[in-house]
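Undergrad:
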Amino acid sequence: MTDQNVIAAREARTALPDLIVPGLSGVFCGLNPGLAAAAVGHHFEGRGNRFWRAVHLAGFTERELKPAEDVQLLKYGFGLATVVCRPTASASELSKDEYVAAAEGLLCRLNRFRPTYIAFLGKDAYATMSQRKHVTWGLQHEPLGTAKVWLLPNPSGRNRGFSLAELVEAYREFRLAAVGDVEPCPAG
315 MTDQNVIAAR EARTALPDLI VPGLSGVFCG LNPGLAAAAV GHHFEGRGNR
365 FWRAVHLAGF TERELKPAED VQLLKYGFGL ATVVCRPTAS ASELSKDEYV
415 AAAEGLLCRL NRFRPTYIAF LGKDAYATMS QRKHVTWGLQ HEPLGTAKVW
465 LLPNPSGRNR GFSLAELVEA YREFRLAAVG DVEPCPAG
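Numbering (our numbering), first residue to last: 315 to 502.
(1) Tell me whether I321 sits in a helix, a strand or coil according to DSSP, three-state version.
(2) The alpha helix (DSSP H) spanning Y431 covers which residue range?
(3) Within a Cβ cutoff of 6 Å, which residues of the same chain sit near Q386, ignoring the five residues on either side of it in sequence?
(4) Pull up the DSSP beta-bridge partners for K410, would you.
(5) How far does the beta strand (DSSP E) with W464 in it reach, from first residue to last?
(6) Using three-state DSSP, classify C499 as helix, strand or coil.
(7) What are the start and end residues of each continuous alpha helix (DSSP H) run of 4 or more residues lying completely inside the region 374 to 430, in chain order?
(8) Does the pairing of the region 342 to 355 with the region 395 to 410 give three or more beta-carbon distances under 8 Å?
(9) Report the residue from N346, E376, G391, G373 whose alpha carbon sits nearest the alpha carbon of F434.
(10) Relative to the C-alpha of L330, which residue among G355, R423, V397, P336 is closest?
(11) Decide if E418 is buried, meaning its Cβ has at least 16 other Cβ atoms within 10 Å, or exposed.
(12) Let me know the secondary structure DSSP gives F358 once reduced to three states.
(13) Starting from the C-beta of E261, find all residues in its chain whose C-beta is less than 8 Å away, skip the five residues before and the five after it, and write them out in chain order.
So this is what it looks like as structure tokens:
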């Protein structure tokens, strides 16, 4: 990504569109778009982001999708969204107030499209929105709207608290809960 694209993404503050349709098994919900993703208009773009590799190795897809193919994830019964629409270089630039303000819009989207699960990528957004100080990885006790809530480690390359193998295992557990032990197969 060029410096001009970074500047354009920051200035535009454009939202990365959600990829959600009715009837999904789950929606992966990132904190907010990174600058690279906002600049090119595709989820999980950027050097070092391990989302697409983890999703493939965990069995969600038959092959590793590229960020430009993000819409293809819908064929496998999963969508993509972000909590906060504002792109940043780092999620640490977001305030708790932004998460709280975004909660109502996210709830409206979930109630409209009714996915079975929402999988937050990281604990911070969900902890802030649910006003819980301590949350654990995996299935949460309370739904968000009609969706069951699952917390997954953030796949950002900056999150070195989890190896790729640990990400894959966590994502595999979510896949088993959401669709069972079935081979990835595009709906068609």
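C-beta: ideal position from N, C-alpha, C; glycine also.
TA: The relevant details are as follows:
(1) A caution first: I321 carries a pLDDT of 42, below 50, which makes its placement in the model unreliable, though a value can still be read off. I321 falls in the helix class under three-state DSSP.
(2) No alpha helix (DSSP H) holds Y431; the beta strand (DSSP E) holding it covers 431 to 435.
(3) The residues L379, in chain order, have a CB closer than 6 Å to that of Q386 in the same chain once the five nearest residues on each side in sequence are set aside.
(4) None; K410 has no bridge partner.
(5) The continuous beta strand (DSSP E) containing W464 extends over residues 462 to 466.
(6) C499: coil per DSSP, three-state reduction.
(7) Runs of the alpha helix (DSSP H) inside the region 374 to 430: 410 to 427.
(8) Contact holds: three or more Cβ-Cβ distances are below 8 Å.
(9) Taking only the C-alpha atoms, the option nearest F434 is N346.
(10) The shortest C-alpha separation from L330 is found at G355.
(11) With fewer than 16 neighbouring CB atoms inside 10 Å of its own CB, E418 falls in the exposed class.
(12) If DSSP states are grouped into helix, strand and coil, F358 belongs with coil.
(13) The shown model of the chain, from 315 to 502, leaves out residue 261, and the question about it has no answer.
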